[in-house]
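Q: I'd like to ask some things about the structure below.
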Amino acid sequence: METKLEILKRVYRTLAVDDEVMHYIIKAHELVTFKKGEIILPKNKTMDCYYILSSGIARSFIYKHNRADITTDFYIAGDIIIDMVSLFQQTPSEVCIEAISDLVCFKIKFDEFQKLHLQYPSYSDWGRNWMTQAFFKLRQRAIKMATQPASSRYADIRKNLPEVYRDVPLKYIASYLGMTNTSLSRLRSQKINSTSTV
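Start counting the sequence shown at 121; every next residue gets the next number (this note's numbering).
Below, the structure is given as structure tokens:
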């Protein structure tokens, strides 16, 4: 597992600041841990911080009318755990965020974020760039959900998110892909069988 300095320098690698400023930014982050199954952000709670994930896997999800849940995103080491709408607009969240495994995170409170945003233009630039990439990711996911077959979307997870493929329960991956558990199990069996016969 990376140290606090290593993980934060990796996340903030595009920040054009000297060592003194970087030290101040790193100091603003507090170590927090979550147990497997713990809810990080409940529905209807206003988010007052964001988390940089150092180790473990988390997911965001929404509830359907019948109380079944749909996974909307996964978070792995190096990702930022955040509900952007809730945090930046300071409104109750429509999503929940849950620890799929034990997590080690570094938390920065919203008021500290605002201070850094106002005090250091490069931090503000970093934030805008990060949000641009986050919205691009959401757009690409929406396009793939509408245009690609489930098998292709599953192959993307297997290739680009091996931690999710390996460690996340199938039911969460299935809901993320818009599939039933049975369909995903069948697809996974086909992939395993085709690999074993090569």
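Positions of the beta carbon are idealized from the N, C-alpha and C atoms, including for glycine.
(1) Who pairs with residue 212 in a beta bridge, going by DSSP?
(2) Looking at the structure shown, is residue 224 part of a helix, part of a strand, or coil, going by DSSP?
(3) Residue range of the alpha helix (DSSP H) that residue 254 falls in?
(4) Quick check on the burial criterion: 16 or more other C-beta atoms within 10 angstroms. Buried or exposed for residue 153?
(5) Excluding five sequence neighbours on each side, which residues of the same chain lie with their C-beta closer than 6 Å to the C-beta of residue 268?
(6) To the nearest angstrom, how far is it from the Cα of residue 175 to the Cα of residue 161?
(7) Buried or exposed, going by whether 16 or more other CB atoms sit within 10 Å of the CB of residue 272?
(8) DSSP three-state label for residue 229, please.
A: Checking against the coordinates, here is how it stands:
(1) 166
(2) strand
(3) 241–267
(4) exposed
(5) none
(6) 18 Å
(7) exposed
(8) strand
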